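Engineer: Numbered according to the numbering used here, the sequence shown spans residues 2 to 379.
For glycine and all other residues, C-beta sits at the position ideal for the given N, C-alpha and C.
Since the structure is predicted, the reported quantities are computational estimates derived from the model, not experimental observations.
Here it is: the structure, laid out below.
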Amino acid sequence: MSNAVDVNEAARTIDQEGDFLKLNDIDHVEFWVGNARQASVYWRNFGFTPVAYTGLETGNRRFAGYLMQQRNIRFLLKTPYSPHDPMAAHIMIHGDGVKAICMNVDNARDAWEITSSRGGETVDAPQYDEDKNGRVQTSSIKCYGETLIRFVERGEYDGPFLPGYIELPQTVEVGPVGLAAVDHIVGNVELGKMNHWVSWFHEVLGFRQILHFDDEAISTEYSALMSKVMSNSSGRIKFPINEPAEGRKKSQIEEYLNYNVGPGVQHLALITGDIIATTRALRDRGMEFLRVPDTYYEALPDRIGEIKESYDDIAELGILADRDDEGYLLQIFSQPIQDRPTLFLEIIQRRGSQGFGVGNFKALFESIELEQERRGNL
Ligand code: FE2
2 MSNAVDVNEA
12 ARTIDQEGDF
22 LKLNDIDHVE
32 FWVGNARQAS
42 VYWRNFGFTP
52 VAYTGLETGN
62 RRFAGYLMQQ
72 RNIRFLLKTP
82 YSPHDPMAAH
92 IMIHGDGVKA
102 ICMNVDNARD
112 AWEITSSRGG
122 ETVDAPQYDE
132 DKNGRVQTSS
142 IKCYGETLIR
152 FVERGEYDGP
162 FLPGYIELPQ
172 TVEVGPVGLA
182 AVDHIVGNVE
192 LGKMNHWVSW
202 FHEVLGFRQI
212 LHFDDEAIST
222 EYSALMSKVM
232 SNSSGRIKFP
242 INEPAEGRKK
252 SQIEEYLNYN
262 VGPGVQHLAL
272 ITGDIIATTR
282 ALRDRGMEFL
292 RVPDTYYEAL
302 PDRIGEIKES
312 YDDIAELGIL
322 ADRDDEGYLL
332 QIFSQPIQDR
342 PTLFLEIIQR
352 RGSQGFGVGN
362 FKALFESIEL
372 EQERRGNL
């Protein structure tokens, strides 16, 4: 492993050069799914509250949309009504997954103009949508696979979400599990394409590479991958990009690319301030996590040293830990969250460390390979 540049130093470098694309934060993540109504209950079970809705009852003849929210995490779930809608073909090919990463910006026209002048491919030119609550301007460009980066400008809007969406009455309160924000969004791209997308994030969005993990760091007996982490100037928005490396058998990235039918978002990492409580709540509500062998926990206290959490809790729940110069982090990875072995979730708690858990990659990938083997894909 080689840490190319430290996160804070990279942020300072970009600030000096001028941050041409002002991204405020991740506004929401848009999923296209086969059955948004049922998916909304899945996310509600994991602590998300239904906030806004569009569909036949609101005059939307094209698709149903549910906005689910927990603290600063907002997931939009969409399903088209007609099999002839291009959304339906997309879902049939790629399965359920992330369609758009939506960024909050001050001006969606400016964001589109500058990114398309720097090589971004337009999917949606800037347009205003409006209703009685005001107007929202959006624009979008193409990212890896069929994933979009969308710019959302909502300064002149005070409705529940977007024009056309109505507030949902709060029904059964399931209760949050402590998830607070999106930490990073990881993309899987084809062999040989990682550097193309690293350049794209740099050229088009002005992101900087802050970390690099080569296939020496990320290899097991069977598979290998390479990964580079791109960050915006504030360091708030981080996009690791993975590509498969030559291994003895099919890597987890290749398995993803086969089942997703092309590149796309591999995992969403969600921040919690108390990973013990969050993981316990998610587990009790039915979320399935990857487990590393018990031997991992025998060596852990020596590797990580003193931490605020109990090692017994960490081992019981199957949480992973890693430490670097700045502190430590705790993380756990879910099984794929749909039938295809594609998108999964990471739950992460940062105690100083701004890394990604490189010390866990080997153990983690070995446990992913056990799952691949069970799926007949290794
Ligand atoms: Fe991650």
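How many angstroms separate the CA atom of T280 from the CA atom of L291?
Structural biologist: If you draw a straight line from the Cα of T280 to the Cα of L291, it is about 12 Å long.
Engineer: My parser needs the beta strand (DSSP E) runs of 3 or more residues fully inside the segment 155-214; what are they?
Structural biologist: 180-189 and 209-214
Engineer: Could you give the first and the last residue of the continuous beta strand (DSSP E) run that contains V230?
Structural biologist: For V230, the uninterrupted beta strand (DSSP E) run begins and ends at A225 to S232, by DSSP.
Engineer: Can you check which of these residues, P161, L346 and Q128, is closest to A182 by C-alpha distance?
Structural biologist: That would be L346, whose Cα lies nearest to the Cα of A182.
Engineer: To test your reading of the DSSP string, which unbroken alpha helix (DSSP H) runs of 4 or more residues are found completely within the segment 72-97?
Structural biologist: 87-95
Engineer: Out of D125, D130 and P342, which one is the CA nearest neighbour of S140?
Structural biologist: For the options D125, D130 and P342, the alpha carbon positioned closest to that of S140 is the one of D125.
Engineer: Taking a contact to mean a Cβ-Cβ separation below 8 Å, would you say F152 touches I186 in this structure?
Structural biologist: no
Engineer: Assuming D111 contacts N134 under a Cβ cut-off of 8 Å, what Cβ separation, rounded to an integer in Å, is found between them?
Structural biologist: Between N134 and D111 the Cβ distance is about 23 Å, and since that is not below 8 Å, they are no contact.
Engineer: Near the ligand FE2, which residues have their beta-carbon closer than 6 Å to a heavy atom?
Structural biologist: H185, V187, H268, A270, E347 and F357
Engineer: Could you pull the start and end residues of the alpha helix (DSSP H) that D130 belongs to?
Structural biologist: If you look at D130, you'll find it isn't in any alpha helix (DSSP H); it sits in the beta strand (DSSP E) that goes T123 to D132.
Engineer: Is S368 helix, strand or coil by DSSP?
Structural biologist: helix
Engineer: Looking at V293: is its Cβ nearer than 8 Å to the Cβ of L192?
Structural biologist: No, these two residues do not count as a Cβ contact at 8 Å.
Engineer: Please report the distance separating the alpha-carbon of D97 from that of L149.
Structural biologist: 15 Å
Engineer: Contact between the segment 341-356 and the segment 324-331 is defined here as three or more beta-carbon pairs at a separation below 8 Å; is this criterion met?
Structural biologist: yes
Engineer: Check each candidate in H95, T50 and I27 and name the one with the smallest Cα separation from G265.
Structural biologist: H95
Engineer: May I ask you to report which of helix, strand or coil DSSP gives P51?
Structural biologist: strand
Engineer: Are the Cβ atoms of E157 and N108 separated by less than 8 Å?
Structural biologist: no
Engineer: Compare the C-alpha of G146 against each of L169, V99 and V178 and name the closest.
Structural biologist: V99
Engineer: Check P302 in the structure and name its three-state DSSP category.
Structural biologist: Of the three classes helix, strand and coil, the one that applies to P302 here is helix, per DSSP.
Engineer: Any heavy atom of the ligand GTP closer than 7 Å to the CB of H95?
Structural biologist: Although the ligand GTP was asked about, the structure shown includes only the ligand FE2 as ligands.
Engineer: Helix, strand or coil for Q39? Go by DSSP, reduced to three states.
Structural biologist: It is helical.
Engineer: Does DSSP put R352 in a helix, a strand or coil?
Structural biologist: strand
Engineer: According to DSSP, is L283 helix, strand or coil?
Structural biologist: helix
Engineer: I need the straight-line Cα distance from T116 to D295, nearest angstrom please.
Structural biologist: 48 Å
Engineer: Taking C-alpha atoms, which residue in I167, S252, A37 and P87 lies nearest to L77?
Structural biologist: A37
Engineer: Could you tell me which residues DSSP pairs with D323 in its beta bridges?
Structural biologist: Answer is L330.
Engineer: Is it true that the segment 226-243 meets the segment 188-202, where meeting means three or more beta-carbon pairs spaced less than 8 Å apart?
Structural biologist: yes
Engineer: Considering just the uninterrupted stretch of the alpha helix (DSSP H) at N259, what are its terminal residues?
Structural biologist: Q253 to N261
Engineer: Kindly list the residues whose CB is nearer than 8 Å to the CB of D16, restricted to its own chain and excluding five residues on each side of it in sequence; keep chain order.
Structural biologist: At D16, the pLDDT of 47 sits below 50, so the modelled position is not reliable and the matter cannot be decided from this model.
Engineer: Determine the burial state of A5: buried for a count of at least 16 other Cβ atoms within 10 Å of its Cβ, exposed for fewer.
Structural biologist: Only weak support is given to the placement of A5: the predicted model assigns it a pLDDT of 41, under 50, and the value that follows is read from those uncertain coordinates. So A5 counts as exposed.
Engineer: Can you give me the C-alpha to C-alpha distance between G306 and A65, rounded to a whole angstrom?
Structural biologist: 49 Å
Engineer: Taking 6 Å as the limit between beta carbons, can you name the residues of its chain near N361, skipping five residues before and five after?
Structural biologist: The beta carbon of N361 lies closer than 6 Å to those of L321 and D323 in the same chain, with the five residues before and after it left out.
Engineer: In this structure, how does DSSP classify F345 when only helix, strand and coil are distinguished?
Structural biologist: When DSSP states are grouped into helix, strand and coil, F345 belongs to the strand group.
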